[in-house]
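Peer 1: Would you mind keeping the following structure in view while I ask a few things?
Numbering (the numbering used here), first residue to last: 11 to 296.
As structure tokens, this is what we get:
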């Protein structure tokens, strides 16, 4: 017997992926879900859209959207023991790809219906959780600009090219249980999953269930280094521009309060960041 299911749909993602609402409801009905659908209309504040709903009334939450939608829903509704299902409808779908969840809504719903979930680690940066990748520096700048423009892979590439030439490395101080390091980095990615999205693998050794976060500090590539860097990211290879380590808890001191991102969602950052991994904290059908 399936428990009650709250289905949260990002309508922008749904339109981009031609998710037919009538067909989607029929798919839920056919599987016997006792469900309620909510559309996420208030960017950056899904709690407003859930103001008349108590998430505690639902055993599971199914999220139709991209990684950023998942992040917003997770941070708004998380409770130990709650189950989450994903219908990947984002621009990059790094989380769904890493977990092997099909982009077909029908096949993704099949996974939820079967009821087999994994216990995934969750990363926390200061007080906010992330499931896949958080970061700062250039990728956060791109995420911030990307959020103000049309979405999609081409839109992301356009922002990368536009911002690349003026972007500078920042000075970071990272403290772990083993000591402190100072480094200059173009970007720093904190990876629970292994890829940003679109099969660009930023942390080839990252796993969702190892109790660790993989940290990748990247130097700014010269123009002639970009082809080899892209090739490394697509082939799950390391690159000489990348310095990596793994830890369950560490802190980062930054030179400014520039944007950070959580699963691709940009937010105002702080100079002092405390990061930790909580093992097996989230149940995800996959």
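C-beta atoms are modelled at their ideal positions from N, C-alpha and C, and glycine is treated no differently.
Note that the structure is a prediction, hence the values are computed from the model and not measured.
#1: I'd like the list of long-range same chain contacts for residue 48, defined as Cβ closer than 8 Å, with 5 residues on each side in sequence excluded.
#2: What is the DSSP secondary structure of residue 85, counted as helix, strand or coil?
#3: Would you say the region 171-180 touches the region 111-131, given that touching needs at least three Cβ pairs under 8 Å?
#4: What is the DSSP secondary structure of residue 235, reduced to helix, strand or coil?
#5: Is the CB-CB distance between residue 140 and residue 272 below 7 Å?
#6: State the start and end residues of the unbroken alpha helix (DSSP H) segment that holds residue 150.
#7: Looking only at its own chain, which residues have a Cβ that is under 7 Å from the Cβ of residue 27, when we skip the five neighbours before and after it?
#8: Which value, in whole angstroms, describes the spacing of the CA atoms of residue 89 and residue 186?
#9: Would you kindly work out how many angstroms separate the C-alpha atoms of residue 166 and residue 236, rounded to a whole number?
#10: If you compare alpha carbons, which of 30, 78 and 122 is closest to residue 14?
#11: Do residue 233 and residue 211 count as a contact pair if the criterion is CB distance below 7 Å?
#12: Could you tell me the alpha carbon to alpha carbon distance between residue 191 and residue 67, rounded to whole angstroms?
#13: If you measure between the beta carbons of residue 239 and residue 249, is that distance less than 7 Å?
#14: Kindly identify the DSSP beta-bridge partner or partners of residue 168.
Peer 2: The relevant details are as follows:
#1: Within the same chain, Cβ atoms closer than 8 Å to the Cβ of residue 48 are found at 16, 17, 18, 19, 59, 60 and 63, the five residues on either side in sequence being excluded.
#2: Note: residue 85 maps to helix in three-state DSSP.
#3: Because the criterion of three Cβ pairs below 8 Å is not met, the region 171-180 and the region 111-131 do not touch.
#4: Under the three-state reduction of DSSP, residue 235 is assigned to helix.
#5: Annotated as proximal: residue 140 and residue 272, with beta-carbon spacing under 7 Å.
#6: Residues 148-156.
#7: Hits under 7 Å: 99.
#8: CA-CA distance, residue 89 to residue 186, rounds to 28 Å.
#9: Here the alpha carbon of residue 166 sits roughly 16 Å from the alpha carbon of residue 236.
#10: Of the residues 30, 78 and 122, the one whose Cα lies closest to the Cα of residue 14 is 122.
#11: In this structure, residue 233 does not lie closer than 7 Å to residue 211 by Cβ.
#12: Rounded to whole angstroms, residue 191 to residue 67 spans 46 Å at the Cα level.
#13: Contact: yes.
#14: DSSP lists no partner for residue 168.
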